[in-house]
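**Student:** Below you will find the structure I want to go over with you.
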Amino acid sequence: MKRIRKFSVLLVAVALVSPALAHGADSYDEQHLASPAPAKNFQGYLLQDSAEITRFNSGFISFKVNSAQGVESITACSALGQTGCEFTSKQFYRAILPKCDSANTVDCITKVFAKTDDGKELDIQPAGIFADKGKYDFQGDPSQNLPTGGGAILVKIPDAPHAGGDLYLIKSEMVGVRDTNNSPTAKFLMQRMQTGIFAVAIEKGTFGFMSMSTDPKQYPTTDWLIGAPVGNPPETGKCVMSSATECAKGYPLPQNVAFGLQFRMNNQLNGWLHGRMKAPSITLVKEAAGTQLLTVQANAIKVPLIDVWVNNDVMPAGLKDYYAALPKWGSTTFGTKDQPLSEIALRRDGNDGNNANTMKEFVNWLPVIGDKAQGMPTAWMLKTMISFGDTKNESPCFAQSNGFAGVVSTNAAQYLDGPPSFDKNEGVLDYKVAAPHLTSTGDVFKGTYDLVMSSAVARCLYGFSQAPIGATISIVSETGEPNIATTLVREKDGFLNLAAYNFTFSSPTVRVKLTQEKVIPKASVTVPAKKSTITCVKGKTSKKVTAVNPKCPTGYKKK
Numbered sequence: 002m003k004r005i006r007k008f009s010v011l012l013v014a015v016a017l018v019s020p021a022l023a024h025g026a027d028s029y030d031e032q033h034l035a036s037p038a039p040a041k042n043f044q045g046y047l048l049q050d051s052a053e054i055t056r057f058n059s060g061f062i063s064f065k066v067n068s069a070q071g072v073e074s075i076t077a078c079s080a081l082g083q084t085g086c087e088f089t090s091k092q093f094y095r096a097i098l099p100k101c102d103s104a105n106t107v108d109c110i111t112k113v114f115a116k117t118d119d120g121k122e123l124d125i126q127p128a129g130i131f132a133d134k135g136k137y138d139f140q141g142d143p144s145q146n147l148p149t150g151g152g153a154i155l156v157k158i159p160d161a162p163h164a165g166g167d168l169y170l171i172k173s174e175m176v177g178v179r180d181t182n183n184s185p186t187a188k189f190l191m192q193r194m195q196t197g198i199f200a201v202a203i204e205k206g207t208f209g210f211m212s213m214s215t216d217p218k219q220y221p222t223t224d225w226l227i228g229a230p231v232g233n234p235p236e237t238g239k240c241v242m243s244s245a246t247e248c249a250k251g252y253p254l255p256q257n258v259a260f261g262l263q264f265r266m267n268n269q270l271n272g273w274l275h276g277r278m279k280a281p282s283i284t285l286v287k288e289a290a291g292t293q294l295l296t297v298q299a300n301a302i303k304v305p306l307i308d309v310w311v312n313n314d315v316m317p318a319g320l321k322d323y324y325a326a327l328p329k330w331g332s333t334t335f336g337t338k339d340q341p342l343s344e345i346a347l348r349r350d351g352n353d354g355n356n357a358n359t360m361k362e363f364v365n366w367l368p369v370i371g372d373k374a375q376g377m378p379t380a381w382m383l384k385t386m387i388s389f390g391d392t393k394n395e396s397p398c399f400a401q402s403n404g405f406a407g408v409v410s411t412n413a414a415q416y417l418d419g420p421p422s423f424d425k426n427e428g429v430l431d432y433k434v435a436a437p438h439l440t441s442t443g444d445v446f447k448g449t450y451d452l453v454m455s456s457a458v459a460r461c462l463y464g465f466s467q468a469p470i471g472a473t474i475s476i477v478s479e480t481g482e483p484n485i486a487t488t489l490v491r492e493k494d495g496f497l498n499l500a501a502y503n504f505t506f507s508s509p510t511v512r513v514k515l516t517q518e519k520v521i522p523k524a525s526v527t528v529p530a531k532k533s534t535i536t537c538v539k540g541k542t543s544k545k546v547t548a549v550n551p552k553c554p555t556g557y558k559k560k
């Protein structure tokens with residue numbers, strides 16, 4: 002085998018003392034409620050990975066601006082063509098995707114499925130829609146790339162019970178925009194898609210939900226997307242999703258079941274996906290009608306939940322420096338933002354993406370977080386990237402994948418959502434993640450890392466031929482000692498699957514050496530030409546001629 006280059010995943014160590022930790026009093030980490038501030042003069046950090054996908058219900062709003070480009074009015078739309086929903090400036094949507102049927106044929110879910118680890122297909126029973134006929138549901142228009150936004154899909158899986166029953170909620174959301182500054186006839190551009198499967202039980206009561214605000218005073222410009230409560234929304238974490246009268250409470254997902262979804266997409270997916278799942282199997286097929294069929298199957302994983310507070314007087318210098326340019330970014334739990342930090346309590350939102358900035362923010366919180374998570378909720382989520390972040394180290398090969406390039410997935414608390422950055426000089430791919438060393442129960446946290454990469458991308462990166470690609474994975478600790486891990490490498494259906502499981506987060510390096518057998522040309526074998534013999538005559542004289550192509554001499558004739 003020929004060594005080509007090496008691939009490394011760098012993991013950030015976390016083994017620090019925490020000045021102040023906060024623990025929820027809930028019985029399930031999936032229902033964790035953000036801890037209250039101990040007092041004023043504190044800053045907090047909440048990293049609850051499901052918060053972004055569970056934050057809003059469906060909604061579609063249209064902006065109207067004045068001559069000075071200030072926001073004049075905002076209308077919540079139920080369909081294109083509605084009065085007040087004329088496309089004169091900018092329009093946003095958040096659409097929870099429906100099940101495919103005669104009315105919804107694209108940007109919908111065609112199939113929900115589940116399998117046990119031994120391959121047994123589980124029975125899936127439809128159980129309705131959560132938040133059916135929501136206040137801000139809207140009808141889509143495929144000709145304008147506008148999906149239909151409604152409620153989340155509910156199913157029962159009797160052979161996959163969880164602590165709250167056998168009910169599951171599937172929330173798949175598209176977020177998009179169109180702007181007359183780009184074109185007065187512009188179609189919607191999907192900014193991102195995110196999907197999650199949640200184990201739930203329905204609780205009746207008086208609740209509320211978050212929608213997109215239609216108050217012009219809340220918008221400095223049309224570039225903002227502001228949330229607004231409808232009714233009395235429950236605290237973040239209490240409900241996976243809620244309506245005015247119901248709360249879908251979350252429970253731990255079974256980890257011995259591979260859950261799967263299939264989507265028919267009118268809005269095209271390109272590039273890289275990232276997620277919270279283990280052993281993902283993903284295919285993206287272009288159909289004759291121009292739509293895409295995306296199929297995803299994977300197991301759930303546990304992800305650290307971070308919920309901490311620190312007094313401003315003992316805040317680490319790195320954290321103070323990081324927030325110098327963002328002094329009041331976050332939400333107050335004591336006081337108001339017009340007061341000095343010493344008179345308020347400010348919680349920073351750690352759920353604002355997975356990019357270079359959020360990684361830097363998390364790393365600066367490590368001295369406060371310490372070596373132990375505050376919870377370990379289960380997760381099954383997949384998202385498109387909002388941005389690639391720093392692109393200077395990206396290989397052109399990532400853009401030559403003809404659509405779907407691959408997916409990266411990890412159970413780390415924080416990670417970068419893009420493809421591994423490529424160092425052309427060293428031939429190294431780096432993928433950075435960060436997490437506490439211990440789980441919330443004090444056990445050593447075992448990491449998972451999955452990379453599913455288009456074989457075309459891998460061949461481009463390493464100059465491989467069409468022959469099969471191989472790889473070896475080794476995990477080395479910071480002391481140079483082997484770090485025991487389970488590894489997997491395979492190439493199937495046009496994708497290279499690389500995985501490393503059960504490594505620890507005390508700063509190991511995962512090295513993957515991609516290899517390919519040299520093509521050795523077969524030695525040519527010269528086969529002697531076959532000779533034949535003929536008899537030639539001239540009068541009474543005859544003679545035999547032996548050769549590859551025997552011919553009679555001049556004056557002789559072949560007998």
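Residue 2 is where the sequence shown starts when you use my numbering, and the numbers rise one by one after that. Each residue gets a CB set at the ideal place from its N, CA and C atoms; glycine is no exception.
(1) Mind checking Val286: buried by the 16 CB within 10 Å criterion, or exposed?
(2) Should the region 446-459 be regarded as contacting the region 498-507, the criterion being three or more beta carbon pairs within less than 8 Å?
(3) Mapping the DSSP letters down to three states, classify Ala555 as helix, strand or coil.
(4) Does DSSP put Ser332 in a helix, in a strand, or in coil?
(5) Could you say which of Asn300, Val304 and Ala357 lies nearest to Ala414 if we only look at CA atoms?
(6) On the CB-based measure, 16 or more other CB atoms within 10 Å of its CB, does Asp1 come out buried or exposed?
(7) Can you tell which of Met211, Glu236, Gln70 and Ala245 has the C-alpha that lies nearest to the C-alpha of Pro230?
(8) Nearest-angstrom Cα distance between Ala35 and Ala436?
(9) Please name the residue, chosen from Ala548, Phe446, Ala161 and Leu295, that lies closest to Phe199 on a Cα-to-Cα basis.
(10) Taking all protein chains shown into account, do 16 or more other C-beta atoms lie within 10 angstroms of the C-beta of Glu362, making it buried, or fewer, making it exposed?
(11) When the Cα of Asp308 is compared with those of Lys218, Leu226, Pro378 and Thr505, which residue comes out closest?
(12) Taking only three categories from DSSP, how would you classify Trp366?
(13) Would you mind sorting Ala132 into buried or exposed? The rule is 16 or more other CB atoms within 10 Å of its CB.
(14) Quick check: what's the CA-CA separation for Ile171 versus Gln263?
(15) Can at least three beta-carbon pairs, one atom from the region 204-220 and one from the region 235-249, be found at a separation below 8 Å?
(16) If you draw a straight line from the alpha carbon of Gly166 to that of Lys112, how long is it in whole angstroms?
(17) Could you tell me whether the Cβ atoms of Gly419 and Val408 are closer together than 9 Å?
(18) Using only the alpha-carbon positions, how far apart do Gly443 and Lys373 sit?
(19) Can you check the region 235-283 for any beta strand (DSSP E) of at least 3 residues that lies completely inside it and give the ranges in chain order?
(20) Look up Ile307 in the DSSP assignment and say whether it is helix, strand or coil.
(21) So, at 6 Å on beta carbons, what are the nonlocal neighbours of Pro159 in its own chain, with the 5 sequence-adjacent residues on each side left out?
(22) By how many angstroms is the C-alpha of Thr534 removed from the C-alpha of Lys545?
(23) For the beta strand (DSSP E) that Asp180 lies in, which residues bound it at each end?
(24) Indicate whether Gly228 and Tyr94 have their beta-carbon atoms separated by less than 9 Å.
(25) Let me confirm a value: Asp108 is counted as buried when at least 16 other C-beta atoms fall within 10 Å, else exposed. Which label applies?
(26) Is Tyr323 helix, strand or coil when you go by DSSP?
(27) Would you identify the three-state DSSP class for Asp30, choosing helix, strand or coil?
(28) Going straight from the alpha carbon of Gly25 to that of Gly120, what length do you get?
(29) Whole angstroms are fine: how far does the CA of Pro551 sit from the CA of Ala530?
(30) When DSSP labels each residue in this structure, what does Phe8 get in the three-state scheme?
(31) Any idea if Asn146 is buried or exposed, counting beta-carbon neighbours within 10 angstroms, 16 or more meaning buried?
(32) Distance, Cα to Cα, Gly556 vs Lys539?
(33) With a threshold of 8 Å, are at least 3 pairs of Cβ atoms found where one atom belongs to the region 315-326 and the other to the region 352-372?
(34) Among Thr411, Lys384 and Tyr416, which residue has its Cα nearest to the Cα of Phe405?
(35) Measuring only the C-alpha atoms, how far is Glu288 from Asn42?
(36) Taking 9 Å as the threshold (C-beta atoms), are Thr215 and Val297 in contact?
**Tutor:** Inspection of the coordinates gives the following:
(1) Looking up residue 286 in the sequence shown gives position 285. Classification of Val286: exposed, given that the 10 Å Cβ count is below 16.
(2) yes
(3) In the sequence shown, the residue the question calls residue 555 occupies position 554. Correcting the residue type first, residue 555 is Thr in the shown sequence and not Ala. It is coil, neither helix nor strand.
(4) Stepping through the sequence shown from its first residue, residue 332 is reached at position 331. The answer is strand: DSSP assigns Ser332 an E or B state.
(5) Within the sequence shown, residue 414 is the residue found at index 413, counting from 1. Selected option, being the one with the closest Cα: Val304.
(6) Because residue 1 is not part of the residues shown, which for the chain are 2 to 560, the question remains open.
(7) Translated into the one-based positions of the sequence shown, residue 230 becomes position 229. Pro230 has its Cα closest to that of Met211, out of Met211, Glu236, Gln70 and Ala245.
(8) What you label residue 35 is simply residue 34 of the sequence shown in a count that begins at 1. What you label residue 436 is simply residue 435 of the sequence shown in a count that begins at 1. Answer to the nearest angstrom: the Cα atoms are 19 Å apart.
(9) Here residue 199 corresponds to residue number 198 of the sequence shown, with the count starting at 1. With distances taken between Cα atoms, Phe199 lies closest to Ala161.
(10) Within the sequence shown, the letter at position 361 stands for residue 362. Its Cβ being crowded by 16 or more others within 10 Å, Glu362 is buried.
(11) In the sequence shown, residue 308 corresponds to position 307, counting from 1. Nearest of Lys218, Leu226, Pro378 and Thr505 to Asp308, Cα basis: Pro378.
(12) The residue labelled residue 366 in the question sits at position 365 within the sequence shown. The answer is helix: DSSP assigns Trp366 an H, G or I state.
(13) Translated into positions along the sequence shown, residue 132 becomes position 131. Buried, by the Cβ-count rule.
(14) As a position in the sequence shown, residue 171 is number 170, starting the count at 1. As a position in the sequence shown, residue 263 is number 262, starting the count at 1. Straight-line Cα distance between these residues: approximately 12 Å.
(15) yes
(16) On the sequence shown, residue 166 is found 165 positions in, with the first residue counted as 1. On the sequence shown, residue 112 is found 111 positions in, with the first residue counted as 1. C-alpha separation (whole angstroms): 22 Å.
(17) In the sequence shown, counting from the first residue as 1, residue 419 sits at position 418. In the sequence shown, counting from the first residue as 1, residue 408 sits at position 407. Against a cut-off of 9 Å, the Cβ pair of Val408 and Gly419 comes out as no contact.
(18) Residue 443 sits at position 442 when you count from the first residue of the sequence shown. Residue 373 sits at position 372 when you count from the first residue of the sequence shown. One C-alpha to the other measures close to 7 Å.
(19) 247-252, 258-266 and 272-277
(20) Locating residue 307 in the sequence shown gives position 306, where the first residue counts as 1. In the structure shown, Ile307 sits in a strand (DSSP, three-state: E or B).
(21) The residue labelled residue 159 in the question sits at position 158 within the sequence shown. Same-chain partners within the cutoff: Asp167.
(22) The residue labelled residue 545 in the question sits at position 544 within the sequence shown. The residue labelled residue 534 in the question sits at position 533 within the sequence shown. Near 7 Å, if we compare the C-alpha coordinates of Thr534 and Lys545.
(23) Stepping through the sequence shown from its first residue, residue 180 is reached at position 179. Element bounds for Asp180: Leu168 to Asp180.
(24) Residue numbering aside, residue 228 sits at position 227 when the sequence shown is read from its first letter. Residue numbering aside, residue 94 sits at position 93 when the sequence shown is read from its first letter. Taking 9 Å as the Cβ cut-off, Gly228 and Tyr94 do not qualify as a contacting pair.
(25) Taking the sequence shown and counting its residues from 1, one reaches residue 108 at position 107. Result: buried.
(26) What you label residue 323 is simply residue 322 of the sequence shown in a count that begins at 1. Tyr323 falls in the helix class under three-state DSSP.
(27) Locating residue 30 in the sequence shown gives position 29, counting from the first residue. The answer is helix: DSSP assigns Asp30 an H, G or I state.
(28) The residue you call residue 25 lines up with position 24 of the sequence shown. The residue you call residue 120 lines up with position 119 of the sequence shown. For Gly25, the predicted model reports a pLDDT of 42, less than 50, meaning its position is unreliable and no value from the coordinates is stated.
(29) Numbered from its first residue, the sequence shown carries residue 530 at position 529. Numbered from its first residue, the sequence shown carries residue 551 at position 550. Near 12 Å, if we compare the C-alpha coordinates of Pro551 and Ala530.
(30) For this step, residue 8 is matched to residue 7 along the sequence shown. With a pLDDT of 38 at Phe8, under the threshold of 50, the modelled position of that residue is not reliable, and no figure is offered here.
(31) Stepping through the sequence shown from its first residue, residue 146 is reached at position 145. Buried: at least 16 other Cβ atoms inside 10 Å.
(32) Here the question's residue 556 lines up with position 555 in the sequence shown. Here the question's residue 539 lines up with position 538 in the sequence shown. C-alpha separation (whole angstroms): 7 Å.
(33) yes
(34) Your numbering for residue 405 matches position 404 in the sequence shown. Selected option, being the one with the closest Cα: Lys384.
(35) Here residue 288 is taken as the residue at index 287 of the sequence shown, counted from 1. Here residue 42 is taken as the residue at index 41 of the sequence shown, counted from 1. When rounded, the distance between both Cα atoms is 57 Å.
(36) Within the sequence shown, the letter at position 296 stands for residue 297. Within the sequence shown, the letter at position 214 stands for residue 215. No, they are not a contact pair.
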